[in-house]
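To start, the structure itself, in structure tokens.
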Amino acid sequence: MAKDRDGDRDIVAEIINMVAAQVSSGMRVAGEVRERQEQARQQLEGGLRALRDAADVSVRMIRLLDEIEEPLRESIPVIRRAAGVLDEVLDALP
């Protein structure tokens with residue numbers, strides 16, 4: 035009878051060890067998943083910051099181009115006339 039109890043205890047202990055190993059493995063995997071999720075979240079946040087920064091730079095560039103476009107358009111005829119005068123002066127030189 036004592037042997038039966040010892041055998042039952044061994045079986046129960048074996049079952050507990052098997053279940054504990056599975057639970058431990060599951061917890062380890064869950065921890066790794068959490069770490070990967072955190073890394074992915076950090077990567078996404080970094081990418082979002084980079085996109086926001088790029089959008090800000092784009093807005094500033096557009097504003098700058100808006101500011102300088104009209105003066106450049108107005109200066110082109112002046113530059114053409116100056117180039118024409120310079121060409122005439124150079125042609126008149128011996």
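FYI, the numbering for the sequence shown is 35 to 128, going by this note's numbering.
Note that beta-carbon positions come from the ideal geometry of N, C-alpha and C, so glycine has one too.
Query                                                                                   : Result
Residues near I45 by beta carbon distance below 8 Å, same chain, minus five either side : none
Helix, strand or coil at P128 [DSSP, three-state]                                       : coil
Residues near E72 by beta carbon distance below 8 Å, same chain, minus five either side : none
Own chain, CB closer than 6 Å to R97, minus 5 neighbours either side, in chain order    : none
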